[in-house]
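Student:
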Amino acid sequence: TPPATAVTYCTVAAVAVLAIATIAQVPFFYTFTRHAVNGSDTLRHTLGPNYIAAVRHIGRIIAPLALSALIEIIIIALAMSPLAVLGAARLNNAACMALGDADSLPAHFTVLTFTATALFVFIYGFSRIWMFFVSCYAYGNIEAKMTHGKDKAAVSD
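Under our numbering, residues 7 to 163 are what the sequence shown spells out, in order.
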């Protein structure tokens, strides 16, 4: 069946483009962290030599980011589950009310929703800060490796 084959080819092409775009964006963790830490780099320097240095050390960026991203996905999924349950309850209540039933949500439902949202935002904020620290670790790891390489070359001269 040709349409099924076309859908398969489009799916493979979309996944390939997404993978290439993701790999192309990984060095920006190093370049933008370097720009945030140093502050004196120009945009041209950030997107030029710093990006090339990050591409050379892409393994030192991908490894901690991939591990921390997997951990963050689990943390966010667990933190968001109460919001998902409350959202499903609100949608089911709205559907039942559209069919003529009475409002079945308790009076404190809005407080529960607010509390769950506040808790999720608090946990999400910590996870974003943690990802920033991971990118700082990757930046420091690359800088130490490059400095160690320069020191090693200076000693051998």
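Where a beta carbon is used, it is the ideal one built from N, C-alpha and C, also for glycine. Since the structure is predicted, the reported quantities are computational estimates derived from the model, not experimental observations.
Taking Phe34 as the reference, give the member of His114, Ala113, Asn56, Thr14 with the closest Cα.
Tutor: Residue numbering aside, residue 34 sits at position 28 when the sequence shown is read from its first letter. Minimum Cα distance to Phe34 is reached at Asn56.
Student: Output the distance between the C-alpha atoms of Glu78 and Thr119, rounded to the nearest integer angstrom.
Tutor: Working through the sequence shown from its first residue, we reach residue 78 at position 72. Working through the sequence shown from its first residue, we reach residue 119 at position 113. Approximately 22 Å, taken between the alpha carbons.
Student: Do Leu111 and Asn98 have their CB atoms nearer than 7 Å?
Tutor: Reading the sequence shown from its first residue, position 105 is the one you call residue 111. Reading the sequence shown from its first residue, position 92 is the one you call residue 98. Not closer than 7 Å, so no.
Student: Since Tyr130 and Tyr36 are thought to touch, with beta carbons under 8 Å apart, how far apart are those beta carbons, to the nearest angstrom?
Tutor: Position 124 of the sequence shown, counted from the first residue, corresponds to residue 130. Position 30 of the sequence shown, counted from the first residue, corresponds to residue 36. So it is not a contact: roughly 24 Å between Cβ atoms.
Student: Give a yes or no on whether the C-beta atoms belonging to Pro70 and Val23 are separated by under 7 Å.
Tutor: Your numbering for residue 70 matches position 64 in the sequence shown. Your numbering for residue 23 matches position 17 in the sequence shown. Result no, Cβ atoms of Pro70 and Val23 do not sit closer than 7 Å.
Student: Throw me the rounded Cβ distance for the Phe126 and Ala85 pair, which I believe falls under 8 Å.
Tutor: For this step, residue 126 is matched to residue 120 along the sequence shown. For this step, residue 85 is matched to residue 79 along the sequence shown. With a Cβ gap of about 5 Å, Phe126 and Ala85 count as contacting.
Student: According to DSSP, simplified to helix, strand and coil, what is Pro112?
Tutor: As a working note, residue 112 is residue 106 in the sequence shown. Here Pro112 sits in coil by DSSP.
Student: In this structure, how does DSSP classify Thr123 when only helix, strand and coil are distinguished?
Tutor: Locating residue 123 in the sequence shown gives position 117, counting from the first residue. Note: Thr123 maps to helix in three-state DSSP.
Student: Just the Cα atoms here: how many angstroms apart are Gly93 and Ala104?
Tutor: The residue labelled residue 93 in the question sits at position 87 within the sequence shown. The residue labelled residue 104 in the question sits at position 98 within the sequence shown. Those two C-alpha atoms are separated by around 16 Å.
Student: For a quick check, are the C-beta atoms of Cys142 and Thr28 less than 7 Å apart?
Tutor: Counting from 1 along the sequence shown, the entry for residue 142 is found at position 136. Counting from 1 along the sequence shown, the entry for residue 28 is found at position 22. No, the pair does not count as a contact, with Cβ atoms beyond the cut-off.
Student: For the alpha helix (DSSP H) containing Val61, name the first residue and the last one.
Tutor: Along the sequence shown, one-based indexing puts residue 61 at 55. Unbroken alpha helix (DSSP H) run through Val61: 55-62.
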